[in-house]
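Below, the structure written as structure tokens:
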């Protein structure tokens, strides 16, 4: 079984470094819509048999042209939503971003009982994402596209997949894609990690700060910035 974990296209919150994690969230920008169309072309030959999205409108907008091209409808799974920012929701100041990334950094470093202020623990996040992935895989498709979120995808992959990549230090920009082979029962192996838009590097917005798409480095005291969003 193969999972294509695709981050959604760009939103206005991504361009301002705002921690937009609650549903329905901001829609895609014009660039985000172009990223989604380009992703549909890039994934056309992947043999996708199922498309899953979170409750955020930006994931459905990203998945729609991909699903339409192969005659499928995206299926919404609440558990695929972004890591809840809690008290930091929609903030873009340094303390908020530092607190958000610092909490996730703790999870990546093994402290899964650490709680996001006003939000979930690492263990709670992994449990609901695990459940969502199990439901997604229960459909039996050989190849499944999951359109989800930057921090959520990378945190889950770090804890649940093996491979030669270093997930803690890798970014995942808008419409970047991680490919896993395996199953919920047997585990997952990372086969590729495309941090830039899969439709082409020309779809990058290199001027946009984007903490949920930049490096998640628990040793870094500065908020991570994405070189593209």
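Numbering (the working numbering), first residue to last: 20 to 248. Glycine residues also receive a C-beta, built at the ideal position from the N, C-alpha and C atoms. Just so we're clear, the structure is a prediction, and the values are computed from it rather than from any experiment.
{"Item": "Short Cβ contact (9 Å threshold) for residue 90 with residue 135", "Value": "no"}
{"Item": "C-alpha gap between residue 63 and residue 22, whole angstroms", "Value": "15 Å"}
{"Item": "Cβ neighbour criterion (16 or more within 10 Å) applied to residue 71", "Value": "buried"}
{"Item": "Nonlocal neighbours in the same chain, by C-beta distance under 6 Å from residue 81, ignoring five residues either side", "Value": "27, 28, 55, 166"}
{"Item": "N- and C-terminal bounds of the beta strand (DSSP E) containing residue 200", "Value": "196-202"}
{"Item": "Length at least 3, wholly inside the segment 50-113: the beta strand (DSSP E) runs in chain order", "Value": "69-72"}
{"Item": "Minimum C-alpha distance to residue 6 - residue among 197, 49, 229, 219", "Value": "Here the chain covers residues 20 to 248 and nothing more, so residue 6 does not appear."}
{"Item": "Supposed contact pair residue 169 and residue 231 - C-beta distance, whole angstroms, cut 8 Å", "Value": "4 Å"}
{"Item": "Limits of the alpha helix (DSSP H) - the one that residue 141 falls within", "Value": "141-156"}
{"Item": "Neighbour-count burial assignment, residue 37, 16 or more Cβ in a 10 Å radius", "Value": "buried"}
{"Item": "Through-space distance from residue 142 to residue 150, alpha-carbon basis", "Value": "12 Å"}
{"Item": "Opening and closing residue of the alpha helix (DSSP H) in which residue 174 lies", "Value": "169-179"}
{"Item": "Residue range of the unbroken alpha helix (DSSP H) whose run includes residue 34", "Value": "31-34"}
{"Item": "Whole-number beta carbon distance between residue 94 and residue 44, since they are thought to touch under 8 Å", "Value": "Not quite, the Cβ-Cβ distance comes to about 18 Å (not below 8 Å), so this is no contact."}
{"Item": "Residue 216 burial status per 10 Å Cβ neighbour count (16 or more: buried)", "Value": "buried"}
{"Item": "Assigned exposure category for residue 25 - 16 Cβ within 10 Å defines buried", "Value": "buried"}
{"Item": "C-alpha gap between residue 102 and residue 40, whole angstroms", "Value": "7 Å"}
{"Item": "Reduced DSSP secondary structure (H/G/I, E/B, other) of residue 127", "Value": "helix"}
{"Item": "Whole-angstrom distance between residue 42 and residue 202, CA atom to CA atom", "Value": "28 Å"}
{"Item": "Per-residue DSSP class, three states only, for residue 163", "Value": "strand"}
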